[in-house]
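Report on the structure given below.
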Amino acid sequence: MDANQIRFAIFLAIFLLMLGLESVIQRHPTVDVKTRRLKINLALTGIDILVVRLFFGAAAVGAAQFAGERGWGLFNYLEWPEGLETFFCVIILDLMIYIQHVVLHMIPFFWRFHIVHHSDLDLDVSSGLRFHPIEILGSMLYKIGLVFALGPSTTTVLIFEAILNGMAQFSHSNITLPESLDRLLRYIIVTPDMHRIHHSVEKEETNSNFGFNLSVWDRILGTYVPDALKPQSRIVIGVSQFRTSEEVSFKNLMMMPFRKVPQNYSLSPEEK
Ligand SMILES: [Zn+2]
Ligand SMILES: [Zn+2]
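Take a look at the structure:
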């Protein structure tokens, strides 16, 4: 099996596991038809994969190889032991992805694309894959820039991507964890209950809990909201502009960034 096949196998295993768990320990009641949303979110993923393949191939891993051959980037210069490098790189990359996420909410132009992710009326494992192809392209370019600056090994990049994908599926899943386990996990990682608050229609809640893997960035940088105004099972998921399934059809999602809609979630001060 090559790296891509391993990545896909891990993705599929986590996806099916979460989907199965959602059917037995569902946390939040759904408002939209699950199969309908699954089809839309998976169609978006399919397009995202095609677009990335078309423009970049195995971009981030390729960039790591390219930088490694030329000795570019911090860790190619430091030449630390592999394990130590991987440990620090994964943490730094996670912080950089946190910052990217804050910027996506802060700048109205970026929010136009990121709103596609937030427009899902329910959250489940498939929501972790729901991104506009242009946001995915932008993220890829950002990641390549980070890889050039940091100079991680190809293994480190593969490990980081596997963790990021796995965690995105976990944190978006609609599963119930015992309260004590949730609180314990939250000291270190982002849990489904923590990320669900980020998908609330309440603006203050949407603009909180930006973390992907580690929950520490939100705590340290003051964006952590431990509890929503409403109890978890009654959090209204999505954005206020789009409340019906017709408004978030596949076609509308693709066109969403280019339509004139009030950008009332942006963190930017000019946008009210
Ligand atoms: Zn967001
Ligand atoms: Zn999300």
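With our numbering as the guide, the letters of the sequence shown map in order to residues 21 to 292. The C-beta atom is built at its ideal place from N, Cα and C for all residues, glycine as well. Small disclaimer: the values here were computed from a predicted structure and weren't measured.
Euclidean distance between Cα positions of residue i and residue j
{"i": "residue 125", "j": "residue 86", "result": "32 Å"}
{"i": "residue 68", "j": "residue 157", "result": "8 Å"}
{"i": "residue 209", "j": "residue 185", "result": "14 Å"}
{"i": "residue 248", "j": "residue 97", "result": "44 Å"}
{"i": "residue 38", "j": "residue 278", "result": "33 Å"}
{"i": "residue 56", "j": "residue 115", "result": "34 Å"}
{"i": "residue 191", "j": "residue 162", "result": "22 Å"}
{"i": "residue 193", "j": "residue 146", "result": "8 Å"}
{"i": "residue 220", "j": "residue 244", "result": "14 Å"}
{"i": "residue 62", "j": "residue 152", "result": "12 Å"}
{"i": "residue 47", "j": "residue 214", "result": "13 Å"}
{"i": "residue 201", "j": "residue 211", "result": "10 Å"}
Residues that DSSP places opposite residue i in a beta bridge
{"i": "residue 262", "result": "259"}
{"i": "residue 46", "result": "195"}
Collapsed DSSP secondary structure at residue i in the structure displayed
{"i": "residue 13", "result": "No statement about residue 13 is possible, as the shown extent of the chain runs from 21 to 292 and does not include it."}
{"i": "residue 143", "result": "coil"}
{"i": "residue 280", "result": "coil"}
{"i": "residue 268", "result": "coil"}
{"i": "residue 160", "result": "helix"}
{"i": "residue 68", "result": "helix"}
{"i": "residue 171", "result": "coil"}
{"i": "residue 274", "result": "helix"}
{"i": "residue 38", "result": "helix"}
Q) Can you give, in chain order, each stretch of the alpha helix (DSSP H) that sits fully within the stretch 175 to 258 and has at least 4 residues? A) Listed in chain order, the alpha helix (DSSP H) elements of length 4 or more contained wholly in the stretch 175 to 258 are 199 to 206, 212 to 218, 223 to 226, 236 to 240.
Q: List in chain order: all unbroken alpha helix (DSSP H) runs of 4+ residues lying wholly within the stretch 72 to 141.
A: 79 to 90, 94 to 98, 102 to 126, 128 to 138
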